[in-house]
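Student: This is the structure I want to talk about, given as structure tokens.
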């Protein structure tokens, strides 16, 4: 049943962002590019306001005939993606100004993409899932090609679009099979069909296609082939955005779809997800070793990290989903921090992207060297940095569920990944100094880099407890029976 007032209230953040995007688009037509900073601030402010508009409900509440759900899980995800999008906007202005790429449509695209991600983490219907995924994806396709004078950027956007269209086909085909064998697009009805004794085989086929499409969206192996080229070719602020917010939204969607729509097919989807998680960790850790471009290294690093996050989803328990939620938030902080550091790798002739450009950074820019070092150690999962606890949470969930081999694969690949993170740190501290970077940087970029480094350092003391508690509350929203009991 559609209740107009309740429906509008539950989706108020997305509706507000829609109005903000239209207003910024209209204002941008009349403003010169010199005023784009004001539009970036307006976009970031709109995203922060949207965080406060996210409803806080006593229990789960549905909107638009149960197409969307407002609960603790969606609340956590929406606030996280809105904040990530706001940070990505704020750290992008200096880069686009120096590269002469200032355009108001970038702000609009980030806002529209944030709307799509908000819908993704709230969706409880196959149609609303597709709507959110495609809105987010179409915006990022355009953002990847923002530098139209760059062959790399155009190629990255074209690759992403073509392969993304293929994954959208998988998503639609899987959704059509699921609808055909259950007679409904709503998660509750699909769940009822999945737990019945005569669950149709076609439902499992539909699930495989659906999972494949979602794996593409989070760049999990073996659906990761687009990731290194798109990360390298896209403008660096776009890469920062792409590496953070859409991954979190996609992983939250993964958790909701598998837990709430297919609880009766756990025996079918768990082995598939086991293989995807293991493949992502192995491919990410081994492929990153030979990379010389830092953006490509971060691409393979993100593939590996998606594998670790998928361990929590594979467990399929409240503890596993809680671990995934914690992991993705910590990953988001570390990734935005690293890319803020990368945005400071600028020389008079342009951006420096090779790892060798960091040679001797500790002598010329000790502050930047410390930030890089702390963030890479946290990404490697070395204690006492907060990245260690992210992996600890998902490995614990895997062991509790009896997924011992998957946990062992995770530990081994973490050790391998530590090698390439430490090799970058060695270059920063012990190699012969390379020419220094330009020292004129946007204050927000510096604050983001330093702030992220501080968070991953002191997070053990101040953040782990509240984060674990909030993640647990969010995860329990997907398990109403267990949480009630």
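In the working numbering, the protein residues as written are 992 to 1476.
All residues carry an ideal CB built from backbone N, CA and C; glycine is no exception.
#1: To the nearest angstrom, how far is the alpha carbon of residue 1376 from that of residue 1369?
#2: Assuming residue 1201 and residue 1162 form a contact by the criterion Cβ under 8 Å, report the distance between their Cβ atoms to the nearest whole angstrom.
#3: With the cut-off set at 9 Å, would you say residue 1228 and residue 1363 are in Cβ contact?
#4: Taking just the CA atoms, how far does residue 1077 sit from residue 1047?
#5: Using the Cα positions of residue 1416 and residue 1198, report the straight-line distance between them to the nearest angstrom.
#6: With DSSP run on the structure shown, which of helix, strand or coil describes residue 1437?
#7: For residue 1258, tell me which candidate among 1338, 1394, 1278 and 1336 has the shortest Cα-Cα distance.
#8: Excluding five sequence neighbours on each side, which residues of the same chain lie with their C-beta closer than 6 Å to the C-beta of residue 1075?
#9: With a threshold of 8 Å, are at least 3 pairs of Cβ atoms found where one atom belongs to the segment 1052-1072 and the other to the segment 1013-1024?
#10: Measuring alpha carbon to alpha carbon, tell me which residue in 1170, 1211, 1179 and 1209 is nearest residue 1195.
#11: Thinking just about the alpha-carbon of each residue, which of 1285, 1120 and 1332 is nearest to the one in residue 1167?
#12: Is the beta carbon of residue 1367 sitting closer than 9 Å to the one on residue 1299?
#13: Select from 1022, 1035 and 1042 the residue whose C-alpha is nearest the C-alpha of residue 951.
#14: According to DSSP, which residues form a beta bridge with residue 1177?
#15: Output the distance between the C-alpha atoms of residue 1093 and residue 1033, rounded to the nearest integer angstrom.
#16: Under the rule that 16 or more other beta-carbon atoms within 10 Å means buried, what is residue 1223, buried or exposed?
#17: What did DSSP end up calling residue 1376 once you bin it into helix, strand or coil?
#18: Among all the DSSP beta bridges, which residues are the ones paired with residue 1053?
#19: Using only the heavy atoms of the ligand MG, determine whether one of them is closer than 8 Å to the beta carbon of residue 1185.
#20: Can you give the beta carbon distance from residue 1407 to residue 1277, rounded, assuming they're within the 8 Å contact cut?
#21: If we ignore side chains and look at the alpha-carbon of each, how far apart do residue 1302 and residue 1457 end up?
#22: Classify residue 1392: buried if its beta carbon has 16 or more other beta carbons within 10 angstroms, exposed otherwise.
#23: Quick check: what's the CA-CA separation for residue 1203 versus residue 1068?
#24: Taking all protein chains shown into account, decide if residue 1347 is buried (16 or more other Cβ within 10 angstroms of its Cβ) or exposed.
#25: On the DSSP letters alone, give me the boundaries of the alpha helix (DSSP H) that residue 1223 sits inside.
#26: My understanding is that residue 1115 touches residue 1251, with C-beta atoms under 8 Å, so please give their C-beta distance in whole angstroms.
#27: Would you list the residues sitting across from residue 1337 in a DSSP beta bridge?
#28: Inspect the beta-carbon positions of residue 1384 and residue 1398 and report whether they are closer than 9 Å.
#29: Leaving aside the five residues before and after residue 1065 along the sequence, list all residues of the same chain whose C-beta is less than 6 Å from its C-beta, in chain order.
#30: Between residue 1342 and residue 1172, what straight-line distance do the alpha-carbon atoms span, to the nearest angstrom?
#31: Quick one, are the C-beta atoms of residue 1218 and residue 1293 less than 9 Å apart?
#32: Considering only the beta carbon of each residue, do residue 1314 and residue 1261 sit closer than 9 Å?
#33: Hey, how far is the Cα of residue 1104 from the Cα of residue 1052?
#34: Run through the DSSP bridge pairs and tell me what residue 1138 is partnered with.
#35: Check whether the Cβ atoms of residue 1106 and residue 1126 lie closer than 9 Å to each other.
#36: Since residue 1231 and residue 1317 are thought to touch, with beta carbons under 8 Å apart, how far apart are those beta carbons, to the nearest angstrom?
Tutor: Result, derived from the coordinates:
#1: 5 Å
#2: 6 Å
#3: no
#4: 21 Å
#5: 42 Å
#6: helix
#7: 1394
#8: 1235, 1236 and 1323
#9: no
#10: 1170
#11: 1120
#12: no
#13: Here the chain comprises residues numbered 992 to 1476, so residue 951 is not present and cannot be evaluated.
#14: 1116
#15: 15 Å
#16: buried
#17: coil
#18: 1060
#19: With respect to small molecules bound, the structure shown includes none, and the ligand MG cannot be examined in it.
#20: 7 Å
#21: 22 Å
#22: buried
#23: 22 Å
#24: exposed
#25: 1218-1224
#26: 7 Å
#27: 1342
#28: no
#29: 1112 and 1113
#30: 52 Å
#31: yes
#32: no
#33: 24 Å
#34: DSSP, once it has assigned bridges, lists no residue as partnering residue 1138.
#35: yes
#36: Their Cβ separation, rounded to whole angstroms, is 21 Å, which puts residue 1231 and residue 1317 out of contact at 8 Å.
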